[in-house]
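Report on one structure; see the data block that follows.
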Ligand code: FS2
Ligand code: SF4
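Residue numbers (this note's numbering): 164 to 705.
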């Protein structure tokens with residue numbers, strides 16, 4: 164196996180024996196084969212668009228398949244096999260439609276002519292031969308750009324899938340995923356072509372994040388400031404993790420009146436701020452912190468656990484019987500329930516002891532998405548003009564297990580009292596419960612939401628820039644980003660597409676960025692790696 168798509172990749176270069184995430188070589192091979200199948204499907208879908216063939220089933224499956232290969236989503240060989248076979252079946256039908264419409268179907272790339280073998284063992288062998296970037300003669304910088312694009316596309320596909328579930332889509336997004344993956348079969352593309360595709364990935368990601376923002380706020384209302392307890396209530400309980408708001412809504416509906424309290428874990432925390440979700444009286448509080456602490460925290464939860472999307476880790480024996488997966492997330496042996504079909508989760512919660520007593524562990528505030536922040540824009544602007552607010556830091560992104568990630572908590576703690584911290588995604592759990600006070604009634608720590616809400620952060624920055632009559636790069640705003648998986652790659656590409664400079668990135672640089680590509684990023688975007696909180700704060704505020 165070879166996988167280098169996430170920040171915790173082995174030795175900072177690539178997982179070759181087993182994934183640090185727990186991905187076994189056979190799963191890596193099947194994920195590679197699934198991407199290979201989607202690349203084949205993309206060649207026909209791309210050509211299909213040229214002759215007027217647009218297939219909604221192909222679009223949806225493309226996103227589901229690509230999302231399934233994102234870090235910490237699908238570890239189950241059998242479910243990957245189903246996806247591979249479905250891709251091949253749909254590709255055959257698509258090929259027919261494209262031929263009938265007069266399109267080209269004589270592609271020579273092996274992916275276009277892929278036929279899956281019938282049993283899982285030989286399917287793994289097929290997968291071992293087809294890494295997505297397997298052109299060993301290619302220029303290392305082109306290979307680097309191809310990987311950046313493929314990993315960015317994984318993020319785009321994840322967002323597109325979330326938006327599609329809530330009825331929001333734009334064919335431009337699917338068209339780019341197909342165009343980008345089909346481009347991998349084109350050996351004529353040069354360095355500049357690949358740079359253009361990478362930046363286009365960022366542009367398309369902005370569009371898909373806009374769709375997801377419309378999906379979430381259109382369905383559940385704009386988040387409002389909400390206090391979320393970190394303790395618990397006596398009684399039966401379910402813990403829901405991941406990012407899927409519709410799954411949460413369904414769970415809340417199905418548990419209503421059953422004497423079960425619903426708690427969030429990880430990236431589900433910001434959902435407490437949505438009016439159409441917070442209206443449920445039994446949607447109580449938040450339990451635990453970020454994904455990498457789940458083994459310890461899930462073991463302490465006395466109820467059923469539901470994983471809706473990334474990030475799942477290998478369940479420990481102590482809670483293996485009470486954890487469930489749904490949607491695209493899967494772990495072999497873990498009970499998988501269909502989206503919205505949460506009867507088994509509820510039964511398990513009712514059979515488990517639940518919390519024996521009430522416990523107060525304080526609270527945190529969520530709900531500072533674009534609508535809330537911009538509703539007090541005049542106060543914020545006045546604060547900047549009077550000098551009460553000297554600087555904004557967006558300290559956001561993924562969390563992870565590496566020790567270097569304590570940088571982010573230290574940074575927030577050491578940021579001067581006249582600065583405001585905007586945050587989003589699971590990296591916030593390093594400092595989410597710190598009491599940072601306020602500046603003239605504006606809390607110093609503002610939780611914008613999940614990683615899926617990066618659009619909201621961008622809108623806040625753009626609105627502030629407009630109010631001050633300057634560009635985002637001229638605002639007293641610095642981006643301190645932590646990355647881990649491929650949604651973060653997509654967001655980073657969006658920031659580059661928008662021309663945002665001086666991003667500080669950590670805890671380490673992606674293994675898939677070649678020295679020359681890094682040089683281009685540094686020269687054109689002044690991108691930097693994090694150093695120490697003291698050094699970075701001094702450099703930013705000087
Ligand atoms: Fe965090 Fe994990 Fe949100 Fe990422 S819960 S690192 O895949 O999606 O951000
Ligand atoms: Fe390794 Fe990350 Fe790939 Fe898992 S997703 S195999 S940890 S690089």
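Just so you know, even glycine gets a beta-carbon here, dropped at the ideal spot from N, CA and C.
N- and C-terminal bounds of the beta strand (DSSP E) containing residue i
| i | result |
| --- | --- |
| residue 586 | 582-587 |
| residue 640 | 640-645 |
| residue 498 | 498-500 |
| residue 449 | 446-449 |
| residue 424 | 423-427 |
| residue 527 | 526-529 |
Any non-hydrogen atom of the ligand FS2 closer than 7 Å to residue i Cβ
| i | result |
| --- | --- |
| residue 473 | yes |
| residue 234 | yes |
| residue 449 | no |
| residue 598 | no |
| residue 199 | no |
| residue 341 | no |
Any chain D beta carbon closer than 8 Å to residue i
| i | result |
| --- | --- |
| residue 441 | Protein chains in the displayed structure number just one, and chain D is not present. |
Near the ligand SF4: residue i beta-carbon under 7 Å from a heavy atom
| i | result |
| --- | --- |
| residue 665 | no |
| residue 508 | no |
| residue 191 | yes |
| residue 167 | yes |
| residue 650 | no |
| residue 320 | no |
| residue 186 | yes |
| residue 226 | no |
| residue 172 | yes |
| residue 539 | no |
| residue 182 | yes |
Where residue i falls: helix, strand or coil (DSSP)
| i | result |
| --- | --- |
| residue 576 | helix |
| residue 598 | coil |
| residue 609 | strand |
| residue 570 | helix |
| residue 398 | strand |
| residue 169 | coil |
| residue 554 | strand |
| residue 342 | helix |
| residue 291 | helix |
| residue 388 | coil |
| residue 474 | coil |
| residue 675 | coil |
| residue 512 | helix |
| residue 621 | helix |
| residue 461 | helix |
| residue 269 | coil |
Residue i: first and last residue of the uninterrupted alpha helix (DSSP H) it sits in
| i | result |
| --- | --- |
| residue 254 | 240-263 |
| residue 327 | 303-328 |
| residue 361 | 354-383 |
| residue 669 | Per DSSP, residue 669 belongs to no alpha helix (DSSP H); it is in the beta strand (DSSP E), 667-669. |
| residue 487 | Counting along the chain, residue 487 falls outside any alpha helix (DSSP H), though it belongs to the beta strand (DSSP E) covering 486-489. |
| residue 517 | That residue, residue 517, is in no alpha helix (DSSP H); it is neither H nor E in DSSP. |
| residue 204 | 188-213 |
| residue 179 | No alpha helix (DSSP H) holds residue 179; DSSP gives it neither H nor E. |
| residue 534 | 533-538 |
| residue 410 | 408-418 |
Burial state of residue i, where buried means 16 or more other Cβ atoms lie within 10 Å
| i | result |
| --- | --- |
| residue 685 | exposed |
| residue 545 | exposed |
| residue 282 | exposed |
| residue 633 | exposed |
| residue 213 | exposed |
| residue 453 | buried |
| residue 411 | buried |
| residue 562 | buried |
| residue 481 | exposed |
| residue 292 | exposed |
| residue 210 | buried |
| residue 353 | exposed |
| residue 695 | exposed |
Contact set for residue i: own chain, Cβ-Cβ below 7 Å, skip 5 residues either direction
| i | result |
| --- | --- |
| residue 578 | 556, 584 and 700 |
| residue 409 | 328 and 329 |
| residue 659 | 362, 365 and 688 |
| residue 280 | 286 and 289 |
Heavy atom of the ligand GTP within 7 Å of residue i beta-carbon
| i | result |
| --- | --- |
| residue 430 | With respect to the ligand GTP, the structure offers nothing, as its ligand set consists of the ligand FS2 and the ligand SF4. |
Sequence-distant residues of the same chain with beta carbon closer than 8 Å to residue i, five excluded per side
| i | result |
| --- | --- |
| residue 177 | 165, 166, 167 and 674 |
| residue 605 | 539, 542, 543, 546, 552 and 583 |
| residue 509 | 401, 417, 418, 421, 423 and 467 |
| residue 180 | 164, 173 and 188 |
| residue 507 | 487, 498 and 500 |
Same chain, Cβ closer than 6 Å to residue i, five either side skipped, listed in chain order
| i | result |
| --- | --- |
| residue 474 | 235 and 454 |
| residue 599 | 607 and 608 |
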